[in-house]
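Protein chains in written order, with this note's numbering: chain A, 8 to 325; chain B, 557 to 905.
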């Protein structure tokens, strides 16, 4: 198992190189640079040239990238080119807001989605199934910025029930959490439905019923346990997507998380901060997916056996 | 606890009769068509005895067994008529909660395919212990200890109780299935082709084991099979099924030595004979009729070598040959009729 984890983490290296290089090149191609905000009307062309040299803007993008990567190799994510605060510190100070919102959304989403999915699967083909499928389809296809604005207009502006944005107290969680949990619920419920449908036909459920296992335990203990893996994957994908910071939702609700930090960095052409944010969220993403992968082993003993037998044999088996 | 109103005490001699099925009809009602799987079968079984349900694939054997447990998948399965009495319980009248108390405890089932009938993510010990915990109100550790004993009983080391089904071979999985079915000492065991999915060498082992456990525990057994060898080895009574009906019913000797029905004869003729290897096998020509469109006359008539006009007119008539032997065939309306197998023996009985 340890070998598997190490292998997965080593894969991070090429991924991070590609991601950071892409960011550097894209931001270089985009119009404007970080010094645009620093230039005043009193500056002479010589002053501007000096500023450009200070930020290495006179040198090719590869030079700046190599310099950045050299720092990264020594564990230094650099400092924001606008504020001068270290990238690590700004990320860490913004991360709790994103983490809390993600956890709340994932918990709400999972708690709602699994019963809905099981219900739809057991009633497959009936009007109840159609109703829940319709609901999940709406939830899945509604753009979150639109839903967020709608909720803001209704619950923060018309009926002033919740704050319109910001990050103070539990009531400020309600609207952003609903917005992000809806999509999560819809996706997870659909996945639960389809993977339960597959399991509900299994012979071992008949065996369980023949033993006299009550129906609710047949579903909970025998069926759900076999249906977990695709559901777990959907939840994990949702979690890692939230952790990467939903730029849209955080912007709509002025949520001080890392999604907004990244958006701000990009709009100010703060390459170091933007690249740092993307690298750190990338690492988070991979770690969450790795945790999900490892959870498979706890859900399904056959997968555990594959991990234990080492990577080489896994490939042959696949 | 399980009220006396459920126990059908009026049934004569219900103490010895573990299973009594009367005129059972089970259909699968689909959107465009209705599959007439079981069309009025009756059988009864005493404590400790074994009945073999024999017939081709699609004869309705498995559906009949599932109906006995009231486990026919619904939808599309519908039990259209008849009564089923297991140890005095009227299975078709019980609530689902009462059924849960009887399944696994009074009657249990061994399924055909051991590869798919065990839950892949639960240890075999837990799968055995589950029914013990449900029915005998034991603690988990006591139930697990019982599970280990059950494994030992079917010839698997008790230490393997913590392993998962994928760590066992096919034959061992079927033993686990048997251990699950026998864990609460049921009075009636339904074995649905328990050896079909297994190698021949393992088949004999599993059959021997079922036989031994049956004798040890006094369980009555319904052995569903298409293998006449299995029947000869294990059964006291035989019911030959064709297209959802019983065509011949009797003791093992009745059916094997005093065969009456042309279909039963056909089954024997399609067996290879090791002493006469040059003999051509004689398969029964034709196919089983489409269960969505069964004929109103004898359903075996199109394949029967003795068919006459009388067969095409109505359902076959019932002939009680002896106290134990019943055959459903209109040909016996003529008292001189004999099938070839009987002629070869120089007379019937």
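By construction, the Cβ of each residue, glycine as well, lies at the ideal position given by its N, Cα and C atoms.
Shown here, residue 97 of chain A sits in a helix according to DSSP, grouped into three states. Here residue 826 of chain B is exposed, its C-beta having fewer than 16 other C-beta atoms within 10 Å. DSSP, read as helix, strand or coil, puts residue 86 of chain A in strand. With respect to chain B, the C-beta atom of residue 210 of chain A has a partner C-beta closer than 8 Å. Distance from the CA of residue 854 of chain B to the CA of residue 814 of chain B, rounded to the nearest whole angstrom, comes to 22 Å. For residue 204 of chain A, the CB contacts under 7 Å within the same chain, skipping 5 residues up- and downstream, are 128 and 131 in chain order.
Per DSSP, residue 573 of chain B is one residue of the beta strand (DSSP E) stretching across 573–585. Excluding the 5 residues flanking it on each side, residue 293 of chain A has same chain C-beta neighbours closer than 6 Å at 19, in chain order. Contact between residue 277 of chain A and residue 89 of chain A holds: CB atoms are separated by about 5 Å, below the 8 Å threshold. Residue 807 of chain B sits in a strand when the DSSP states are folded into three classes. Under the DSSP assignment, residue 875 of chain B falls outside any alpha helix (DSSP H), being part of the beta strand (DSSP E) whose first and last residues are 874–876. Near chain B, meaning a CB-to-CB distance below 7 Å, the residues of the region 231–246 of chain A are 232 and 233. Against chain A, the CB of residue 675 of chain B has a partner CB under 8 Å away; the residue lies at that interface. For residue 652 of chain B, a Cβ of chain A is located within less than 8 Å of the residue's own Cβ. Counting other Cβ atoms within 10 Å of its Cβ, residue 188 of chain A reaches 16 or more and is therefore classed as buried. In the three-state DSSP reduction, residue 588 of chain B falls in the coil class, being neither helix nor strand.
Just so you know, the alpha carbons of residue 646 of chain B and residue 579 of chain B end up roughly 14 Å apart. Counting only the Cα atoms, residue 218 of chain A lies some 4 Å from residue 660 of chain B.
When only Cα atoms are considered, residue 731 of chain B and residue 9 of chain A end up about 35 Å apart. The CB of residue 229 of chain A comes closer than 7 Å to the CB of 675 in chain B, given here in chain order. Around residue 152 of chain A, the same chain offers 255 and 259 as residues with beta carbons nearer than 7 Å, after the five sequence neighbours per side are excluded.
Residues of chain A with a Cβ closer than 7 Å to the Cβ of residue 686 of chain B are, in chain order, 218 and 220.
Around the beta carbon of residue 133 of chain A, fewer than 16 other beta carbons sit within 10 angstroms, so the residue counts as exposed. Partner residues in a beta bridge of residue 821 of chain B, as assigned by DSSP, do not exist. The C-beta of residue 43 of chain A has fewer than 16 other C-beta atoms within 10 Å across all chains shown, which makes the residue exposed. For residue 645 of chain B, the closest Cβ of chain A is not nearer than 8 Å.
Residues of chain A with a Cβ closer than 8 Å to the Cβ of residue 661 of chain B are, in chain order, 219. Here DSSP, grouped into helix, strand and coil, assigns residue 780 of chain B to strand. Around the C-beta of residue 212 of chain A, 16 or more other C-beta atoms lie within 10 Å, and the residue is accordingly described as buried. The Cβ of residue 308 of chain A sits closer than 8 Å to at least one Cβ of chain B. Against chain B, a Cβ distance below 9 Å from residue 213 of chain A picks out 622, 627, 629, 665, 667 and 673. In the DSSP secondary-structure assignment, residue 748 of chain B is bridged to B:780. Annotated as proximal: residue 577 of chain B and residue 597 of chain B, with beta-carbon spacing under 8 Å.
If you compare the alpha carbons of B:861, B:664 and B:719 with that of residue 220 of chain A, the shortest gap goes to B:664. Leaving aside the five residues that flank residue 676 of chain B on each side, the residues in its chain whose CB is nearer than 8 Å to its CB run, in chain order, 720, 721 and 722. Here DSSP, grouped into helix, strand and coil, assigns residue 600 of chain B to strand.
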